[in-house]
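Take a look at the structure set out below.
2 protein chains.
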Amino acid sequence: MSNSQITIKDIAKALNVSVSTVSRALNDSPDLSGATKQQVQEYARQHHYKPNLLALSMKKRESKTIGVIVPQIIHHFFSSVLEGMMDVAEKEGFNVLLFRSRDSFEKEQHSVQQLISSQVCGVLTSIAKETTHYEHFQELVDNNIPVVFFDRICVDIPSNRVVIDDYAGALAATEYLIKTGCHRIAFFCSPLNLEISKNRRGGYLDALSKHGIPVDKDLIKICDNYDEAIPVATEMLQSENRPDAFFAVNDETALGILHATKHLHFKIPEEVSICGFTDGFAAIASDPQLTTVGQSGQDVGRSAMELLVEKIRHKGDQPLIKNKIIKTKLIVRETTR
Amino acid sequence: MSNSQITIKDIAKALNVSVSTVSRALNDSPDLSGATKQQVQEYARQHHYKPNLLALSMKKRESKTIGVIVPQIIHHFFSSVLEGMMDVAEKEGFNVLLFRSRDSFEKEQHSVQQLISSQVCGVLTSIAKETTHYEHFQELVDNNIPVVFFDRICVDIPSNRVVIDDYAGALAATEYLIKTGCHRIAFFCSPLNLEISKNRRGGYLDALSKHGIPVDKDLIKICDNYDEAIPVATEMLQSENRPDAFFAVNDETALGILHATKHLHFKIPEEVSICGFTDGFAAIASDPQLTTVGQSGQDVGRSAMELLVEKIRHKGDQPLIKNKIIKTKLIVRETTR
DNA sequence: TTTGTCAGTGAAAACGTTTGCGCTGTACCT
DNA sequence: AGGTACAGCGCAAACGTTTTCACTGACAAA
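See below:
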């Protein structure tokens, strides 16, 4: 809010013309005399006139604003996604209203309400870990607001999606571990209500079965962060039938495992191989450097925003559902043979 | 934008009352009969009525929205700051409009314009590396929009500021290096138009002089990222009068130095000590783990948002300038003796 | 009965824009 | 001269709210 912002009315009064004339002058309308136009534009420039976006949005019934909900911001993947989104938002002339769910269902729900209230013309989101039902997202659809889910998608809502090729990434990573001689491969993943968990586990399991390795349920843990990974990995490594490789759902977890492994003085990668998922900065900074499945958050963000903008532009057209799959790339470094 | 959102008018028509009545009912006004109120509220609930924030903001002339401009999003410090800001924005009921300058003056300027146009009721920002003049920020002040600068502040504009205690942090780190026996301490920093650079350099220089160590200009480099740090550090380490310690303006740079040092097979910390600034996740993931000056981005973000909210609430009061200094903490790990 | 009070509601203006329509006056055509 | 055409501009409605003011009717006090 501002007390002193100059409006179209002020200009009209000062120049002794009507508001419509000012409006037309500023929009460079063809049915205005050059002189009047110039005069108005000049005055506006000098007085730093800026259109009131709220009024404009009201009038035009579209806000040129896109809502984004992420579970967390300090997080290599999500901040990369945001960065990518900003790239195209900027290019396409949209502003971004940011919300954060902290993986809480309630906050996610509230954010959606705010976004609808704010008249955003589209929403990009990755669902909270807690979320298991989706009425709030359905409301977006009911209100005719395009939604694109990214990464953690929602299969119940008809909408566009951008996902990492989790299955292929996990498959490739697991196969690589197998090919380099590992056969007791532990898998650390997030809760299974998330699609990404299901898909990565699918890749892991299929890689095992493809190579005739039986699944050992004791090797699969729900564990997806650095701190928890340390004790869990430590315990596994101390068991008599210890794993000879770990595949983790993200880099933090993998680095927790790495920490535990080094601490127990296992040789990496000779005795224990480790592979992460994401390829954040820490994967390079660690020693040994982490082998990981690279996923470009920026590509995800860019694609999601592009899809959304396209959907906004062609509203009312065919409501076809377009999905985009972002390829991963196995980045072999020093924690695997 | 949405075609189908239900408005107060729709409710009025459906219930055969006036819009004023509906408005009052929804705001729980005391001078309405209980029956009418209940009826309206019930109808609104059933039809998922949501107030149009744009209209509301227009009317009330305040948008309950805060603008944030950061140079970059994929960046441990800035994403931490954002996270902290969201904490208090959420608590205080403000929405956040996010912009990113990519350290470009032009983009920063454009973002400010958009924020003014968007009628935000306050702005939080950390200036772009390129920025050397500040008319655009002055415009915010002229429009009576409170601004709080954080981290990379702007001294020319009368406004609140939240800064890391860069000077003290750098002083403490340098002194620690000196006390542990280093006397040729290199310093890698960002361009000097940024206050943080000046202050950190100030701390570095004062620590040296305090301990009677002469300043060697060859030991001071403008270099603030991983990739550039590697060749620069390599060259320094190969010189005959090599440094025995490095102090870098951020962790990425420090880790670049670490990489170069390990590559040349210097013993860390016996032959070369390294200290960073930030304490991101990579500082723990690296091996040896990085000694660094911990700065809590979240605290910075929280404080900045708190200051801003306070300023918004007490608009028109004394325009006193409050600064907040966030303490740093030297976190000694394995890259120093 | 007359007056006053007050609970309950509606009408209308306002926030800053855009835009369809209509009004004026000049210039051109016949 | 009479008519047409159109350039140039203003009026007013509309977007969804809130809020001031005024109105109605019921009921109590006189």
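Chains as they are written, first to last, in the numbering used here: chain A, 5 to 341; chain B, 5 to 341. The C-beta atom is built at its ideal place from N, Cα and C for all residues, glycine as well. For clarity, every value in this text was computed on a predicted model and none was experimentally measured.
- When the beta-carbon positions are compared, residue 329 of chain A and residue 299 of chain A stay at least 8 angstroms from each other.
- An exposed status is given to residue 324 of chain B, since fewer than 16 other beta-carbon atoms sit within 10 Å of its beta-carbon.
- Of all residues in the region 142–161 of chain B, the ones placed with a Cβ closer than 8 angstroms to any Cβ belonging to chain A are 143, 146, 147, 148 and 149, in chain order.
- A straight-line Cα-Cα distance of about 49 angstroms links residue 200 of chain B and residue 186 of chain A.
- If you draw a straight line from the Cα of residue 157 of chain B to the Cα of residue 192 of chain B, it is about 20 angstroms long.
- With a cutoff of 8 angstroms on beta-carbon distance, residue 124 of chain A and residue 70 of chain A are scored as near each other.
- Our two residues, residue 165 of chain A and residue 43 of chain A, have alpha carbons roughly 49 angstroms apart in a direct line.
- Of the other Cβ atoms in all chains shown, 16 or more fall within 10 Å of the Cβ of residue 119 of chain A; this residue is therefore buried.
- A check of alpha carbon separations from residue 271 of chain B across B:252, B:248, B:255 and B:279 identifies B:248 as the nearest.
- At a cut-off of 8 angstroms, the C-beta of residue 232 of chain B has no neighbouring C-beta in chain A.
- Restricting attention to A:190, A:296 and A:95, the CA atom closest to the CA of residue 222 of chain A is found in A:190.
- When the Cα atoms are used, residue 11 of chain B and residue 57 of chain A turn out to be separated by approximately 20 angstroms.
- Taking 3 residues as the minimum length, the beta strand (DSSP E) runs contained wholly in the region 252–308 of chain A are 277–282 and 295–298, in order along the chain.
- With fewer than 16 neighbouring CB atoms inside 10 Å of its own CB, residue 317 of chain B falls in the exposed class.
- With respect to residue 203 of chain A, residue 170 of chain A sits close: the two C-beta atoms are nearer than 8 angstroms.
- Under the criterion of beta carbons closer than 8 angstroms, residue 127 of chain B and residue 144 of chain B qualify as touching, at roughly 6 angstroms.
- Contact between the region 230–248 of chain B and the region 260–267 of chain B is established, with three or more Cβ pairs separated by less than 8 angstroms.
- From the beta-carbon of residue 87 of chain B, the residues of chain A found nearer than 8 angstroms are 76, 77, 78 and 104.
- For residue 71 of chain A, the secondary structure class from DSSP, reduced to helix, strand or coil, is strand.
- Here residue 327 of chain A is exposed. Its C-beta has fewer than 16 other C-beta atoms within 10 Å.
- The beta carbon of residue 256 of chain B lies closer than 6 angstroms to those of 229 and 230 in the same chain, with the five residues before and after it left out.
- Using a CB distance cut-off of 8 angstroms, residue 172 of chain A does not count as an interface residue toward chain B.
- Within the model, the alpha-carbon separation for residue 274 of chain A versus residue 194 of chain B is close to 41 angstroms.
- For residue 275 of chain A, none of the residues of chain B pass the 9 angstroms Cβ criterion, the least Cβ distance being about 17 angstroms.
- Three or more pairs of CB atoms, one per stretch, sit closer than 8 angstroms, so the region 170–183 of chain A contacts the region 288–304 of chain A.
- The bridge partners DSSP lists for residue 250 of chain A are A:190 and A:278.
- At least 8 angstroms separates the CB of residue 311 of chain A from every CB of chain B.
- Taking C-beta separations shorter than 7 angstroms and ignoring five residues to either side along the sequence, the partners of residue 47 of chain B in its chain run 15, 18 and 19, following chain order.
- Under DSSP, residue 104 of chain A takes part in a beta bridge, and its partners are A:74.
- The beta carbon of residue 283 of chain A sits no closer than 8 angstroms to any beta carbon of chain B.
- In the DSSP assignment, the residues bridged to residue 151 of chain A are A:127.
- The bridge partners DSSP lists for residue 159 of chain A come to none.
- DSSP places residue 28 of chain B inside the alpha helix (DSSP H), whose first and last residues are 23–30.
- Taking a beta-carbon distance threshold of 8 angstroms, residue 240 of chain B does not count as an interface residue toward chain A.
- Going by C-alpha positions, residue 34 of chain A is about 14 angstroms away from residue 45 of chain A.
- Assignment of residue 165 of chain B by DSSP, reduced to helix, strand and coil, places it in the strand class.
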